[in-house]
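To convert a position in the sequence shown, counted from 1, into my numbering, add 883. Built from N, CA and C at the ideal position, the CB exists for glycine as well. Encoded as structure tokens, the structure appears first; notes follow it.
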Amino acid sequence: MSAERPLRADAARNRSKILDAADRQIVAHGPEVRMESIAEEAGVAVGTLYRHFPTKDALVAAVVESHVERIMSEVEATADRMEAGADALEEFRHFFLSTVELAASDKAAKAAARALGAQLDIERPIERGIAAMERIIKAGKQSGHLRADLSVDDFYLLFATVPVEQPPKARERWMELVLNGIAAVSVTRASETG
884 MSAERPLRAD AARNRSKILD AADRQIVAHG PEVRMESIAE EAGVAVGTLY RHFPTKDALV
944 AAVVESHVER IMSEVEATAD RMEAGADALE EFRHFFLSTV ELAASDKAAK AAARALGAQL
1004 DIERPIERGI AAMERIIKAG KQSGHLRADL SVDDFYLLFA TVPVEQPPKA RERWMELVLN
1064 GIAAVSVTRA SETG
């Protein structure tokens, strides 16, 4: 079987515009959103949309997979910066805050995927993310910024408790509590003594 050919530049742009529009439309209208509305917002013909995504299930699955890919790429970039010596807590704060914002729209996309019964192909990105989280934890422990008993399972626990329904101020407070929980020394105590 031959490898998939890369998309032409115009086709790749159209696919990206469709995914962005679908993301916004799904967040706003849920799985009931019409394909024609997505095509219109993307600025492409309905036929173009269907050439890229023959069914709404395929489109919604691609939106969720795109979210997962963005998160995993950010995890890897965070791990790279931490291994290069960046401050572990600041990197973790940046990564987690950007992930929390993405999680709000991701929640809607995943709900739509479940409602439509879309099949997701996220195993490989998740494996990459786990490997990057292990690198983040190792670099953070070696720098002395992260607690010695922190594990990838703890990351999953934290992600499961993200207050995506809360306003930004509440999410910032949640982040402060999380940082104090994962830090080798409490962030508040360190700033008071420093």
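Exercise. Terminal residues of the continuous alpha helix (DSSP H) containing Gly1023?
Worked result: As a first step, residue 1023 is located in the sequence shown; it is residue number 140 there, counting from the start. Start and end: 1006-1026.
For this session: Tell me where the alpha helix (DSSP H) around Ala1067 begins and ends.
Result: The residue given as residue 1067 occupies position 184 in the sequence shown. First-last for Ala1067: undefined, no H or E at that position.
Exercise. Rounded C-beta distance between Ala925 and Ala904? I'm assuming under 8 angstroms.
Worked result: Taking the sequence shown and counting its residues from 1, one reaches residue 925 at position 42. Taking the sequence shown and counting its residues from 1, one reaches residue 904 at position 21. Going by Cβ atoms, the distance from Ala925 to Ala904 rounds to 4 angstroms, so yes, they are a contact pair.
For this session: Pull up the distance between the alpha-carbon of Ile901 and that of Thr931, whole angstroms please.
Result: To locate residue 901, count along the sequence shown from 1; it is residue 18. To locate residue 931, count along the sequence shown from 1; it is residue 48. Between Ile901 and Thr931, the C-alpha separation is close to 9 angstroms.
For this session: With a 10 Å radius around its C-beta and 16 neighbouring C-beta atoms as the bar for buried, classify Val946 as buried or exposed.
Result: Counting from one through the sequence shown, the residue named residue 946 turns up at place 63. Buried.
Exercise. Terminal residues of the continuous alpha helix (DSSP H) containing Phe936?
Worked result: As a working note, residue 936 is residue 53 in the sequence shown. Looking at the DSSP string, Phe936 is not in any alpha helix (DSSP H), and its letter there is neither H nor E.
For this session: Answer with buried or exposed for Arg896, where buried requires no fewer than 16 other C-beta atoms within 10 angstroms of its C-beta.
Result: As a position in the sequence shown, residue 896 is number 13, starting the count at 1. By the 10 Å Cβ count, Arg896 comes out exposed.
Problem set entry | Per-residue DSSP class, three states only, for Leu1029 | Reading the sequence shown from its first residue, position 146 is the one you call residue 1029. Leu1029 falls in the strand class under three-state DSSP.
Problem set entry | Helix, strand or coil at Pro1051 [DSSP, three-state] | Within the sequence shown, residue 1051 is the residue found at index 168, counting from 1. DSSP places Pro1051 in helix when its eight states are reduced to three.
Exercise. Does any CB atom of chain C fall closer than 8 angstroms to the CB of Val1035?
Worked result: Absent here is chain C; the protein component of the structure consists of one chain.
Exercise. For Arg917, which three-state DSSP category applies?
Worked result: Within the sequence shown, numbered from 1, the residue matching residue 917 stands at position 34. Coil.
Exercise. Are the beta-carbon atoms belonging to Ala1022 and Glu966 less than 8 angstroms from one another?
Worked result: Within the sequence shown, residue 1022 is the residue found at index 139, counting from 1. Within the sequence shown, residue 966 is the residue found at index 83, counting from 1. Against a cut-off of 8 angstroms, the Cβ pair of Glu966 and Ala1022 comes out as a contact.
Exercise. Taking C-beta to C-beta, are Met1016 and Val1047 nearer than 8 angstroms?
Worked result: By 1-based counting over the sequence shown, the position of residue 1016 is 133. By 1-based counting over the sequence shown, the position of residue 1047 is 164. For Met1016 and Val1047, no; Cβs fall outside 8 angstroms.
Problem set entry | Nearest neighbour of Gly1027, chosen from Ala911, Glu948, Gly968, Ala922 [CA to CA] | If you number the sequence shown from 1, residue 1027 lands on position 144. When each option's Cα is compared against that of Gly1027, the closest is Gly968.
Exercise. Skipping 5 residues on each side, what residues in its chain have a beta carbon closer than 8 angstroms to that of Val927?
Worked result: Locating residue 927 in the sequence shown gives position 44, counting from the first residue. Here the set comprises Asn897, Lys900, Ile901.
Exercise. How many Å lie between Gln1049 and Arg1007 at the Cα?
Worked result: Mapped onto the sequence shown, residue 1049 falls at position 166. Mapped onto the sequence shown, residue 1007 falls at position 124. Approximately 31 angstroms, taken between the alpha carbons.
For this session: Less than 8 angstroms between the CB atoms is what I'm expecting for Arg1030 and Ala971, so what's the real figure, rounded?
Result: The count along the sequence shown starts at 1 and reaches residue 1030 at position 147. The count along the sequence shown starts at 1 and reaches residue 971 at position 88. Between Ala971 and Arg1030 the Cβ distance is about 11 angstroms, and since that is not below 8 angstroms, they are no contact.
For this session: With a threshold of 16 other CB atoms inside 10 Å of the CB of Val943, please say whether the residue is buried or exposed.
Result: One-based indexing of the sequence shown puts residue 943 at position 60. Answer is buried; the Cβ neighbour count reaches 16.
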